[in-house]
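Here's the structure we're looking at; comments come further down.
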Amino acid sequence: MLAAGRIVIQLYKSVAPRTTENFRCLCTGEKVGSNGLPLTYKGTEFHKGKLPQSTSLVPNLIIQGGDIHSSNGSGGESIYGKTFPDEDFSVKHDLPGRVSMANSGPHTNGSQFFFTLRQSPHLDGKYVAFGQVVAGLDVLFHVQNAKTDEDGHPIKGDGVKKAVEGIKKAGNSFFQKKDYLKADEKYKKALRYIDKFEENIPLGRKASPLSDDRISCLLNHGACCLHIQKYNLVIAACSEVLQLEPGNTKALYRRAKAFHAIQEYEKSIVDLQKAMRAGNQTSELGNLLKAVRRDYSQHQANMSKKFAKMFQPSSP
């Protein structure tokens, strides 16, 4: 899963000392379980919005996690053994961000826990609340909005990445056959997959694991549009790449070609000079720069002649 941010939890040690110590040790991984392996939450997943003892999804209610054995909600183990008794029900589920033990009935606490996303009084007296989120509540809502399968398990980014790479591969095949329209359809489809995956990444969080794929697809989209003479789309695609990766030579070169084609000579020259300053003194860049300057000079000469004729005195 994509890292969404940090969640800070205040534990109510004075209310539920055994429960909070169990949670703390599972966070640090300092205890060893019955199988001889560390008891730790590290690497486990959240089981989105599925209540213990429930067969239906309950959206916008809780986020559950903590299955340290299989990460699918079917197991877990406490530091005291497989399970331990309920400790105290005095803390109510009256706030978003309450942290409670999940269970399969009375006195069956293990390692699974859940966060509340809103007031949930129907959970009082059934699940031991032992903490409160004091920072990172927005992260919980980000996780709650993440894409999941029918069982509420998160859809991993690597699955999307594989799909994107497969679509790109098909696009590359069409491109090699010079079927630029079909190739472009594939690259745009891959970009839609990336857009969908990145919908739930909040501003200021970690960069998307698909950033490189986005840049690659945008560059390929731009290359297709050059061939089919959709120059404004080339400029848009390459400009987006340059926002993500300033100084990308391919983006500067392809945008320069598009500017050249629509007679935006000065902008074309600026892009080519930027690419060459980045250390890419290739003959391809140099030849294009010469061609743009030549055409720009001819364009200026033509415009001078045109204006000169406009201001010539009329014959009597």
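Okay, so the sequence shown: first residue is 449 according to my numbering, each after it adds one. Ideal placement from N, C-alpha and C gives every residue a C-beta, glycine not left out.
Neighbour-count burial assignment, residue i, 16 or more Cβ in a 10 Å radius
i      : result
THR564 : buried
HIS669 : buried
ASN483 : exposed
LYS753 : exposed
GLY695 : exposed
GLY521 : buried
LEU666 : buried
LEU485 : exposed
CYS686 : buried
GLU712 : buried
LEU733 : buried
SER526 : buried
LEU720 : buried
GLN691 : exposed
ILE676 : exposed
SER852 : One cannot answer for residue 852 here, as it falls past the ends of the chain, which runs 449 to 764.
ARG725 : exposed
ARG454 : exposed
LEU499 : Since pLDDT at LEU499 reaches only 47, below the 50 mark, its modelled position is unreliable, and no value is offered.
VAL576 : buried
GLN501 : Interpretation of GLN501 is limited by its pLDDT of 43, a score under 50 that renders its predicted location unreliable; no figure is taken from the coordinates.
THR467 : buried
ALA749 : exposed
GLU613 : exposed
LYS698 : buried
GLU493 : buried
ASP661 : buried
ASN557 : buried
LYS616 : buried
HIS541 : buried
GLN592 : buried
Range covered by the alpha helix (DSSP H) that runs through residue i
i      : result
ILE457 : That residue, ILE457, is in no alpha helix (DSSP H); its beta strand (DSSP E) goes 456-459.
ARG640 : 628-646
GLN721 : 713-725
Identity of the residue in the options nearest residue i by Cα
i      : options                        : result
LYS626 : GLY607, LYS616, CYS672, ASN593 : CYS672
PHE578 : ASP542, ASP536, PRO569, VAL608 : ASP536
TYR641 : GLY619, ILE663, ALA611         : ALA611
LYS678 : LEU690, ARG702, PHE562         : ARG702
SER538 : PRO544, GLY529, SER548, THR531 : SER548
ILE516 : LEU474, ILE615, GLU647         : LEU474
GLY513 : ASP661, LYS490, VAL480         : LYS490
SER568 : THR492, ARG546, GLN592         : ARG546
SER552 : ASP542, LYS540, THR531, LEU543 : THR531
ASP632 : ASP643, LYS644, GLY619, GLN624 : GLY619
ASP534 : ALA704, VAL718, LYS698, ASN470 : ASN470
TYR550 : LEU571, LEU700, ALA723, SER659 : Correcting the residue identity first, residue 550 is Ala in this sequence and not Tyr. The residue with the shortest Cα to Cα distance from ALA550 is LEU571.
LEU629 : ASN593, ASP643, GLY614, LEU674 : LEU674
VAL582 : VAL456, PHE562, PHE622, TYR460 : VAL456
SER559 : SER621, LYS461, SER664, GLY477 : GLY477
LYS479 : GLU493, LYS461, GLY529, TYR460 : GLY529
ALA739 : GLU688, SER716, ILE511         : SER716
ILE574 : GLN580, PHE562, LYS461         : Going by the sequence as given, residue 574 is Lys instead of Ile. Per the Cα distances, PHE562.
ASN680 : ALA723, ALA704, GLN624         : ALA704
VAL608 : SER656, ARG566, SER731         : SER656
LEU543 : ARG566, LEU459, GLY584, PRO554 : ARG566
GLU693 : SER659, VAL682, ASN735         : SER659
First through last residue of the beta strand (DSSP E) which encompasses residue i
i      : result
GLY513 : 510-513
Contact test: residue i Cβ vs the ligand COA heavy atom, cutoff 6 Å
i      : result
GLN748 : No copy of the ligand COA occurs in the structure displayed, which carries no ligand at all.
Beta carbon proximity, residue i to chain C, threshold 7 Å
i      : result
ALA739 : Absent from the structure: chain C. Only one protein chain is present.
*Inter-stretch contact (C-beta, 8 Å, three-pair minimum) for the region 732-743 and the region 706-714*: Between the region 732-743 and the region 706-714 there are three or more C-beta pairs closer than 8 Å, enough to call the two in contact.
*Give, in chain order, every unbroken run of the alpha helix (DSSP H) that is at least 4 residues long and sits entirely within the region 654-679.*
Taking only runs of at least 4 residues, the alpha helix (DSSP H) segments lying wholly in the region 654-679 are 659-675.
*asked:* Which runs of the alpha helix (DSSP H) at least 4 residues long sit entirely within the region 677-705? Give them in chain order.
replied: Taken in chain order, the whole alpha helix (DSSP H) runs of length 4 or more contained in the region 677-705 are 679-692.
_3-residue-minimum beta strand (DSSP E) runs that sit fully inside the region 467-500, ordered along the chain_ = You should have 494-496.
*Give a yes or no on contact between the region 582-590 and the region 630-638, applying the rule of three or more CB pairs nearer than 8 Å.*
Not touching, per the Cβ criterion.
*Every unbroken beta strand (DSSP E) within the region 540-584, with a cutoff of 3 residues, ordered by chain*: Runs of the beta strand (DSSP E) inside the region 540-584: 546-549, 561-564, 577-583.
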